[in-house]
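There are 2 protein chains.
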Amino acid sequence: MRDLASEVGMEAASLYNHIKSKEEILNEICFSLANTYSDKMDEVYPSDNTPIEKVKKLIALHIQINSMSSPLATVMNDEWRHLTEPCKSQFLDMRKRYEYLFTEIIQQGVKRGEIKAVDPRIALYTLLSSVRWLQHWYHANRDLDVNDIKENIMEMFLTGLVADQYEWKP
Amino acid sequence: MRDLASEVGMEAASLYNHIKSKEEILNEICFSLANTYSDKMDEVYPSDNTPIEKVKKLIALHIQINSMSSPLATVMNDEWRHLTEPCKSQFLDMRKRYEYLFTEIIQQGVKRGEIKAVDPRIALYTLLSSVRWLQHWYHANRDLDVNDIKENIMEMFLTGLVADQYEWKP
DNA sequence: ATTTAAAACTAACATTCGTTAGTTTTAAAT
DNA sequence: ATTTAAAACTAACGAATGTTAGTTTTAAAT
C-alpha cells in the first residue's frame, strides 16, 4: 500500500479515504474484468455467427485486454487466488460458466464440421493461455500493432503453422 | 519460510542448516529449469531434424515440465522477477539466447517453406505461453494423459483448428 | 562410553505490512 | 467570512516475515 500510495503522490494512510481495504482493490479489478469477459460471452454466444467467428470474437477480446490493460489483466490472471470467500467462489463460478460456454462453442464447431475434432478442454485452455504473453510483453515492445498481432495469432490458431503445400506428417 | 518448514516437519530456523537463504531456493529452482531448457536447445538446435521436428521436440519439453514439475515451473515462470542481480541478468541472458535460437528455428522453417510466413516473435511467444495452463491445471485434473495432451496441442499448432475440408475465410 | 558433527530446537531480532486513530489542510457552499 | 465535508497528514498498532544466536538433541565414529 505504501508503494501504491507513493505512486499516486500520497501517504499510505490517505488511501483509506478512497478505498475500504487492499482487498477491495483486488475484488474491483478481478470482477471488473470478469464482467467484461462475461458480457462479451453473453453477446457472442447466442449470436448467429459461426462457431469459428465466435471463437475469433472472444479471442480478440482476450488479446485486446491482455495488451491494452495489461496491469489489470496481470492482477486478474495471477492474483485471483488471493480473493477471499465468498468472492473467490463467485469468481470461480463466473469463470466456470465462461469456460463452459466457450467449450460449447468449440463443440458446436466440431459438430458442424468447421472445427477439427480436438479435445475441447485442451483447445480452450491452450487458446486462452496462448495470449497471456501479451500482458507481460506488449508494454515493453510497442513496435507491433495490436491488430497485426491479432491477425497473426488468429491465423496460427485457425490454420496452423505448417505451410499449406508442405507435407510434414511422418 | 515458516509454511515451508512446517511442510517438511521442521521449525523455520532449522531450514538454515540446509540452505543459505530463501533467495538461494529461488535461484536453485530458476537455474535448474533454465539449464534444462538450455541443454535441450543445445541438443536440438544443431541436430539434423527439420525445423518443424525441432519445434515439436522443444514444445514437448515445455509440456513435460509444465505438467510434471508444475510447482517448479510456476516458480520459474512467475517468480524469476524477484531474482537479485547479478542472477537476474544472467537468467535473462539465458532466456534471451533460448528465445533467439527458437526464433532462428522458426525462421529457418519459414525459409525452407515448411512453416507459414508468420512473425517469428509472435509465433514463439504464442507457442511458449500456450502450454502454461498445464502448470496450473494438470495437478487437479489428472484424467488426461500427458501424451494425449501433447498430441492434441501439437496438432492444434501445426495444422490449426479449422477442419480440413471447411472453407472458413470470409 | 565418549567424542563429534549434523541438524533439530527456542528465543528473539529488525523490517515490513495493512490498517486505524486522531489531527490538520484544502476547497467548495453558505 | 464562516461553515463544512472531503481528503490529506502524522503516529503508531499488531501481525507477519526472513533471519541469527545460542542451545539441545540425534546418531554415527572412535
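Protein sequence lines, in the order shown, are assigned to chains A and B. Sequential numbering of the first sequence, starting at 3, is according to this note's numbering. Sequential numbering of the second sequence, starting at 3, is according to this note's numbering. Using N, Cα and C, we set each Cβ at its ideal position, and we do this for glycine too.
Original post:
Under a CB-based cut-off of 7 Å, is V148 (chain A) close to chain B?
Top reply: Put simply, the CB of V148 (chain A) is far from chain B, with every gap to its CB atoms at 7 Å or more.
Original post:
Any Cβ of chain B within less than 7 Å of the Cβ of V46 (chain A)?
Top reply: For V46 (chain A), the closest Cβ of chain B is not nearer than 7 Å.
**OP:** Grab me the residues of K118 (chain B)'s own chain with a C-beta within less than 8 Å of its C-beta, minus the 5 sequence neighbours each way, in chain order.
**Re:** V112
Original post:
How would you label D121 (chain B), buried or exposed, when you count the other beta carbons within 10 angstroms and need 16 or more for buried?
Top reply: Residue burial is scored here from C-beta neighbours: D121 (chain B) has at least 16 other C-beta atoms within 10 angstroms and is therefore classed as buried.
Original post:
P48 (chain A) to L6 (chain A), Cα distance in whole Å?
Top reply: 41 Å
Original post:
Going along chain B in order, which residues have a C-beta closer than 7 Å to the C-beta of A165 (chain A)?
Top reply: Below the 7 Å Cβ cutoff, chain B contributes G115, E116, I117 and K118 as neighbours of A165 (chain A), in chain order.
Original post:
What's the C-alpha gap between Y140 (chain A) and S71 (chain A)?
Top reply: Cα to Cα, Y140 (chain A) sits roughly 10 Å from S71 (chain A).
Subject >> Any C-beta of chain B under 7 Å from that of T128 (chain A) >> reply: Using beta-carbon distances, T128 (chain A) counts as an interface residue toward chain B, with a partner under 7 Å.
Original post:
With 7 Å set as the bound, which would you pick, yes or no: does the beta-carbon of L94 (chain B) sit closer than that to a beta-carbon of chain A?
Top reply: no
Original post:
H64 (chain B) lies in the alpha helix (DSSP H); which residues open and close that run?
Top reply: DSSP places H64 (chain B) inside the alpha helix (DSSP H), whose first and last residues are P53 to M70.
Original post:
From E55 (chain B) to I124 (chain A), what distance separates their C-alpha atoms?
Top reply: 21 Å
**OP:** Would you kindly check if the distance between the Cβ of L74 (chain A) and the Cβ of I31 (chain A) is under 7 Å?
**Re:** yes
Subject >> Bridge partner(s) assigned by DSSP for V164 (chain A) >> reply: B:I117
**OP:** Mark A36 (chain B) as exposed unless 16 or more other C-beta atoms lie within 10 angstroms of its C-beta, in which case mark it buried.
**Re:** buried
**OP:** Go ahead and label Y127 (chain B) buried or exposed: buried means 16 or more other beta carbons lie within 10 angstroms of its beta carbon, across all protein chains shown.
**Re:** buried
Original post:
Terminal residues of the continuous alpha helix (DSSP H) containing R123 (chain B)?
Top reply: P122 to S132
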